[in-house]
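Q: Here it is, the structure in full.
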Amino acid sequence: MSFSEVKLFQVKPDKLEDFENFVKEILPLQKELVGYIDIKYMKRFFIFDKIGELPRPLTKIVKCVKYYSYWQFDTIENYANATAWFFNEYEKRLSKLLIMPFDIMCGESIE
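This is how it looks when you write it as C-alpha cells:
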C-alpha cells in the first residue's frame with residue numbers, strides 16, 4: 036500500500052505565471068526523492084455544470100486560481116521525509132504566491 040497527498044494551492048491572480056514557473060522548477064526535484072511513485076499538478080480552470088456536457092471554462096477570477104497537486108510515495112516514512120524537504124526548501128517562497136497557506140490532505144492510497 037502506498038501513501039498519497041493532495042495539496043490545494045490558492046494562488047493570487049497576479050502570481051499565476053510565477054506559480055507555474057515554480058512548479059516547473061521543483062517538479063524534477065520532487066521526482067528524485069526517495070520512494071517517489073508519482074506527482075501531478077492541475078490548474079482548476081473549468082467547472083462542471085451538467086451531466087453529459089463538457090466542463091466549461093471559468094470566465095473570471097474572483098479571488099484566486101486553485102491548483103492541486105497529487106504526490107504518491109511507497110511508504111509513509113518516505114512521504115514524511117519528502118514533506119519535510121518541501122517545507123524546508125520552499126514554504127517561504129511559496130507562501131508569497133498564495134492568498135492563504137496551502138491545504139494538505141494525506142492518507143493511504145486505495146489501489
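Residue numbers (the working numbering): 36 to 146. The C-beta atom is built at its ideal place from N, Cα and C for all residues, glycine as well.
#1: Work out the CA separation of Ile74 and Leu62 for me, nearest whole Å.
#2: For Leu89 and Phe83, I'd like the C-alpha separation in whole angstroms.
#3: With burial defined as no fewer than 16 other Cβ atoms inside 10 Å of the residue's Cβ, what is the status of Ser130: buried or exposed?
#4: Which same chain residues, not among the five before or five after Ala117, have their C-beta less than 8 Å away from its C-beta?
#5: Which residues does DSSP list as the beta-bridge partners of Arg91?
A: Straight from the coordinates:
#1: Cα-Cα distance, rounded: 8 Å.
#2: 7 Å
#3: exposed
#4: Gln65, Leu68, Val69, Gly70, Tyr71, Trp106, Phe108
#5: Ile82.
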